[in-house]
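S.K.: Sequence order for the protein chains is A and B.
If you're matching positions, the first sequence starts at 1 in the working numbering and goes up one per residue.
If you're matching positions, the second sequence starts at 1001 in the working numbering and goes up one per residue.
We put the beta carbon where it would ideally sit given N, CA and C, even for glycine.
Quick caveat, the model's predicted, so the values are computed rather than measured.
Take this structure first; my questions come after.
2 protein chains.
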Amino acid sequence: MHNAEIIAIGSEMLTPDRVDTNSLFLTDELNKAGVEVVQKQVIGDDRERIASAVRRAVRTVEFVIVSGGLGPTEDDVTRDAVALALDRRQIFYPEISGAIEERFRRMNRVMPEINKRQAMVIEGAHILPNDRGTAPGQWIDENGSVVMILPGPPHELKSMFSRQCLPRIVRLVPPTVIQTLVLRVAGMSESDLDQTISPIYKRYENPVTTVLAHNGDIQVHLRARCDTEGRAMELLAEVGGQIDVALGDRIYSRNGDPLEVVVGAKLLAQHGTLVVAESATGGGLAERISSVPGSSTYFLGGYVTYAKRLKTDLLGVSEELLKQFGTVSRETAEAMAIGARRRTGATWAVSITGNAGPTADGDEAPVGTIYIGLAGPRDTTVQHRLWPASDRPRVRAFAAQMALDMLNRKLDAA
Amino acid sequence: MHNAEIIAIGSEMLTPDRVDTNSLFLTDELNKAGVEVVQKQVIGDDRERIASAVRRAVRTVEFVIVSGGLGPTEDDVTRDAVALALDRRQIFYPEISGAIEERFRRMNRVMPEINKRQAMVIEGAHILPNDRGTAPGQWIDENGSVVMILPGPPHELKSMFSRQCLPRIVRLVPPTVIQTLVLRVAGMSESDLDQTISPIYKRYENPVTTVLAHNGDIQVHLRARCDTEGRAMELLAEVGGQIDVALGDRIYSRNGDPLEVVVGAKLLAQHGTLVVAESATGGGLAERISSVPGSSTYFLGGYVTYAKRLKTDLLGVSEELLKQFGTVSRETAEAMAIGARRRTGATWAVSITGNAGPTADGDEAPVGTIYIGLAGPRDTTVQHRLWPASDRPRVRAFAAQMALDMLNRKLDAA
């Protein structure tokens, strides 16, 4: 397996508000070329730290990409640091200096003296001309590894990497095909899922299996890497097939689509329409359903009945029922769904009532309590869950996910 | 200056689609405590690589924060790697195992056997209990430095770091006063804003000024670092005061509160109530308003009238009006707001109709067109905007932001 490390230089990426996004682009391109990124880091404009990181990286991976810190100012120490790490001299290239001067002249400006620093090249490096800016990049072979130095601005880096680095990398790495299978799962915890499927995927180094969980939604990523597409597909079928059997109907999607897209496609196929009646989630379920382009074909809309009075006025939930059972109850969820369905004529109505916190109000159910109602052509069902230790945004997100899961299962049975 | 390194563990953060966001939170908190982050990295679930990074970090910085990879599965090697780096044993703590078991029991589940791994503690570590999940954290003193091991899920990490690590860090670092001023701005573009205020803030190295824009919301962060609070406040007043004058009523918040909180506070003070009638945003505005704890006091709820028919049935927008002017029109926005206000008795009703794309349907307005209606005690106003080059999620987010901005200005005038 060919591997790479990405080292981004710049103190501004060590503040609370900035992230390094160049590495996402580089990772994508490297993966496609069959190179895995095994480590990435951000280092400030500090010669010793950068040199130390480059020295270590060049001993442990095949491709080291160092980006940023090639500007003309004294802050920009990347070239010096890499020269230090590799113990090589730097050489002044008059032709690079001339090209930078020419670039300034085209913009009717005179090149500041400090820009001459950008014409320094590490001994033995291949120069990578910069068609988008002043600082050229460098490609340096070192004991079977390669160190690439690239400019930090994204449009300069992308152009230089795609046009000049990738073709060289492809010549060094035998062609690899990468195929991915994404299974999405609802209605079980990450640890239950892992206990079920890890005995399967642990037996295989290829494909590589990763489990990702976010707000009640779990994704299982299988990534097979082979020399032919056929072999990669075979491996995915072999491992994915076993996981598929183990998880059964917990899997709601085998192509990466999220639950709102899966539910939308089923509604479309069944010519069904959907409305929502939301209390605790306050519009979050509707927002998710309507985030799908074209959802207006099956999603009519619905109600956000945050206040108790609107549950009565807009959905016809009787005041006695609210008084007797409370707004957070099985009975209220049921009445909300029935009311929303009746008043809109939709095929399906999903209701959510609960207490997302942070505090329990008087007569209400404990924080984290959620009831989901689902009214359809044949019946109305209600499910109940309690997420006691979760904060307000998570309870709301879990509740919307659970509502979509419940609807999805019902549509399968319809 | 005290320094820190952040090491995030997880192969999923080395893919093209994920970034490590925990480090942004940690950097912010560390900066406030007077600790600078000098390096950060992401490493896959690889024991040797993690151990090597921790071994080096603990020699070069005062605080090493290692997050993620504390789960119950065999992929999770962080504890083992840190133990290896520090050459210490791990000890099984039955009381931690018992607490995890109890947590599962409260959710009516049985603890899977593999979760017992989470009860392993590195010799000499202080245990950091996890109030949001199963994996406890650890605080390990090592030759004058500290290694903290924290869980990866953001809500678990944040809670543990703020409550248990920060107080310990503050005891080790002499007080540096950092004062921050956050101005939030709506209704202008990032480049217009920067052109207006950069001549002011560029003249100061302290405070450091950062401009952040996200979905139509702009934040100007001023961060002053001094040895006394008085001096820091003086600096903020000096620079912030000039920016304040330059931006005037474009500033809607001077304490970091988002627009939905600012609007909520004004509604509360004026004893006003609010409903929404959303088409293009499909519930996103309601979701934002109701994300504020306690919003049920002033936010009644409202309507998601995604289908044309619901605009008529639920809001009383006449079919003739829809036919004559189209669903995406000034007239429809006005009628939606008036209908929502009348049918709920709320003080204010905000409506949104538009075309968020990706395609324009037949007679509809061009992609990116949005009309916002605002009906109040005295009149109903409509505003129109076009964001032609934005994608669906951005148009929807811009629209919700603009609706809140419009309501906020109206509440100021009320």
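Measuring straight from C-alpha to C-alpha, what distance separates isoleucine 1338 of chain B and alanine 1375 of chain B?
M.R.: Within the second sequence, the letter at position 338 stands for residue 1338 of chain B. Within the second sequence, the letter at position 375 stands for residue 1375 of chain B. Taking the straight line from one Cα to the other gives about 6 Å.
S.K.: So for glutamate 62 of chain A, helix, strand or coil by DSSP?
M.R.: Here residue 62 of chain A is taken as the residue at index 62 of the first sequence, counted from 1. Glutamate 62 of chain A: coil per DSSP, three-state reduction.
S.K.: Quick one: does proline 1358 of chain B have its CB under 8 Å from some CB of chain A?
M.R.: Along the second sequence, read from residue 1 onward, the residue named residue 1358 of chain B stands at position 358. Any Cβ of chain A closer than 8 Å to the Cβ of proline 1358 of chain B would place that residue at the interface, and such an atom is present.
S.K.: Taking just the CA atoms, how far does glycine 1354 of chain B sit from glutamate 36 of chain A?
M.R.: Against the first sequence, residue 36 of chain A aligns to sequence position 36. Against the second sequence, residue 1354 of chain B aligns to sequence position 354. Rounded to the nearest angstrom, the two C-alpha atoms are 44 Å apart.
S.K.: Which residues in chain A sit within 8 Å of histidine 1126 of chain B, going by Cβ to Cβ distance?
M.R.: Taking the first residue of the second sequence as position 1, residue 1126 of chain B is located at position 126. Result: empty, since nearest Cβ-Cβ is about 22 Å, beyond 8 Å.
S.K.: How would you list, in chain order, the residues of chain A whose beta-carbon sits under 9 Å from the beta-carbon of leucine 1024 of chain B?
M.R.: As a working note, residue 1024 of chain B is residue 24 in the second sequence. Result: Thr15, Pro16, Asp17, Arg18, Val19.
S.K.: Can you give me, in chain order, the residues of the region 1381-1403 of chain B that have a beta carbon less than 8 Å from any beta carbon in chain A?
M.R.: Arg1392, Pro1393, Arg1396
S.K.: In the region 1305-1338 of chain B, which residues sit with their C-beta less than 8 Å from some C-beta in chain A, listed in chain order?
M.R.: Residues passing the 8 Å Cβ filter: Thr1305, Tyr1306, Ala1307, Arg1309, Leu1310, Asp1313, Leu1314.
S.K.: Are phenylalanine 1299 of chain B and serine 1291 of chain B close, meaning C-beta to C-beta below 8 Å?
M.R.: Counting from one through the second sequence, the residue named residue 1299 of chain B turns up at place 299. Counting from one through the second sequence, the residue named residue 1291 of chain B turns up at place 291. Not closer than 8 Å, so no.
S.K.: If we define contact as Cβ-Cβ less than 8 Å, is isoleucine 1218 of chain B a contact residue for chain A?
M.R.: As a working mapping, residue 1218 of chain B is identified with position 218 in the second sequence. In terms of beta-carbon proximity, isoleucine 1218 of chain B stays away from the interface with chain A, with every pair separated by 8 Å or more.
S.K.: Apply the 10 Å Cβ neighbour rule to histidine 1221 of chain B and answer buried if 16 or more other Cβ atoms are within range, or exposed otherwise.
M.R.: Residue numbering aside, residue 1221 of chain B sits at position 221 when the second sequence is read from its first letter. Classification of histidine 1221 of chain B: buried, given that the 10 Å Cβ count is 16 or more.
S.K.: Give me the residue from B/Glu1205, B/Ile1218, B/Lys1158, B/Glu1101 with the minimum Cα distance to isoleucine 1065 of chain B.
M.R.: In the second sequence, residue 1065 of chain B corresponds to position 65, counting from 1. It is B/Lys1158 whose Cα lies nearest to the Cα of isoleucine 1065 of chain B.
S.K.: If I measure Cβ to Cβ from alanine 81 of chain A and keep anything under 7 Å in the same chain, skipping five residues before and after, which residues do I get?
M.R.: One-based indexing of the first sequence puts residue 81 of chain A at position 81. Excluding five sequence positions before and after alanine 81 of chain A, the CB atoms of its chain that fall closer than 7 Å to its own CB belong to Arg47, Ile50, Ala51, Val54, given in chain order.
S.K.: First and last residue of the alpha helix (DSSP H) that includes alanine 22 of chain A?
M.R.: For the purposes of this step, residue 22 of chain A is taken as residue 22 along the first sequence, with counting starting at 1. The sequence shown places asparagine at residue 22 of chain A, rather than the alanine named in the question. 22-32 is the extent of the alpha helix (DSSP H) around asparagine 22 of chain A.
S.K.: When the cut-off is 8 Å and only beta carbons count, does aspartate 76 of chain A lie next to chain B?
M.R.: Stepping through the first sequence from its first residue, residue 76 of chain A is reached at position 76. No, its Cβ sits nowhere closer than 8 Å to a Cβ of chain B.
S.K.: Measuring only the C-alpha atoms, how far is glycine 1071 of chain B from alanine 1389 of chain B?
M.R.: The residue given as residue 1071 of chain B occupies position 71 in the second sequence. The residue given as residue 1389 of chain B occupies position 389 in the second sequence. One C-alpha to the other measures close to 42 Å.
S.K.: Could you work out which residues of chain A lie near isoleucine 1114 of chain B, taking near to mean beta carbons separated by less than 9 Å?
M.R.: The sequence position of residue 1114 of chain B within the second sequence is 114, counting from 1. Within 9 Å Cβ-Cβ: Ser191, Asp194, Gln195, Ser198.
S.K.: Would you kindly work out how many angstroms separate the C-alpha atoms of arginine 1163 of chain B and proline 1094 of chain B, rounded to a whole number?
M.R.: Within the second sequence, the letter at position 163 stands for residue 1163 of chain B. Within the second sequence, the letter at position 94 stands for residue 1094 of chain B. Rounded to the nearest whole angstrom, the C-alpha separation of arginine 1163 of chain B and proline 1094 of chain B is 24 Å.
S.K.: Quick one: list the residues of chain A neighbouring valine 1038 of chain B, beta-carbon separation under 8 Å, in chain order.
M.R.: In the second sequence, the residue the question calls residue 1038 of chain B occupies position 38. The answer, in chain order, is Leu14, Ile43, Gly44, Asp46, Arg49.
S.K.: Using a Cβ-Cβ cut-off of less than 7 Å, list which residues of the region 1072-1097 of chain B approach chain A; keep chain order.
M.R.: Residues of the region 1072-1097 of chain B whose Cβ lies closer than 7 Å to any Cβ of chain A, in chain order: Pro1072, Thr1073, Glu1074.
S.K.: Give the secondary structure of histidine 1271 of chain B by DSSP, where H, G and I count as helix, E and B as strand, and everything else as coil.
M.R.: For this step, residue 1271 of chain B is matched to residue 271 along the second sequence. In this structure, histidine 1271 of chain B counts as coil in the three-state DSSP scheme.
S.K.: So which residues of chain A does phenylalanine 1299 of chain B contact, with C-beta pairs closer than 7 Å?
M.R.: On the second sequence, position 299 is the one that residue 1299 of chain B refers to. Residues of chain A passing the Cβ test: Tyr306.
S.K.: With 16 as the cutoff for other CB atoms within 10 Å, does glycine 133 of chain A come out buried or exposed?
M.R.: Within the first sequence, numbered from 1, the residue matching residue 133 of chain A stands at position 133. So glycine 133 of chain A ends up on the buried side.
S.K.: Relative to the C-alpha of glutamine 401 of chain A, which residue among A/Ala346, A/Ile218, A/Ala237 is closest?
M.R.: The residue given as residue 401 of chain A occupies position 401 in the first sequence. When only C-alpha atoms are compared, the closest one is A/Ile218.
S.K.: Counting contacts by CB-CB distance shorter than 8 Å, is tyrosine 303 of chain A in contact with chain B?
M.R.: Taking the first sequence and counting its residues from 1, one reaches residue 303 of chain A at position 303. Output row for tyrosine 303 of chain A: interface = yes.
S.K.: Rounded to a whole number of angstroms, what is the C-alpha to C-alpha distance between leucine 24 of chain A and alanine 224 of chain A?
M.R.: As a position in the first sequence, residue 24 of chain A is number 24, starting the count at 1. As a position in the first sequence, residue 224 of chain A is number 224, starting the count at 1. Straight-line Cα distance between these residues: approximately 20 Å.
S.K.: Can you find the residues in the same chain that come closer than 8 Å, C-beta to C-beta, to valine 1173 of chain B, ignoring five residues on each side of it along the sequence?
M.R.: Walking along the second sequence from the start, residue 1173 of chain B turns up at place 173. Same-chain partners within the cutoff: His1002, Ala1033, Gly1034, Val1035.
S.K.: When the Cα atoms are used, what is the spatial distance from leucine 1322 of chain B to valine 304 of chain A?
M.R.: As a first step, residue 1322 of chain B must be located in the second sequence, where it is residue number 322. As a first step, residue 304 of chain A must be located in the first sequence, where it is residue number 304. Straight-line Cα distance between these residues: approximately 23 Å.
S.K.: Under 8 Å between C-beta atoms, does aspartate 28 of chain A make it to chain B?
M.R.: Walking along the first sequence from the start, residue 28 of chain A turns up at place 28. Using a CB distance cut-off of 8 Å, aspartate 28 of chain A counts as an interface residue toward chain B.
S.K.: Using 7 Å as the cut-off, classify the Cβ of leucine 1247 of chain B as near or not near the heavy atoms of the ligand MG, replying yes or no.
M.R.: Here there are no bound small molecules, and the ligand MG is not part of this structure.
S.K.: Mind pulling the beta strand (DSSP E) runs of 3 or more residues that sit fully within the region 208-287 of chain A?
M.R.: 208-214, 217-226, 251-253, 274-278
S.K.: Identify the residues that DSSP records as bridge partners of valine 1382 of chain B: which are they?
M.R.: To locate residue 1382 of chain B, count along the second sequence from 1; it is residue 382. In DSSP, valine 1382 of chain B forms a bridge with B/Gly1373.
S.K.: Tell me which residues share the same chain as aspartate 1020 of chain B and place their Cβ nearer than 7 Å to its Cβ, disregarding the 5 neighbours each side in the sequence.
M.R.: Residue mapping note: residue 1020 of chain B aligns to position 20 of the second sequence, counting from 1. Ala1008, Met1013, Val1042, listed in sequence order.
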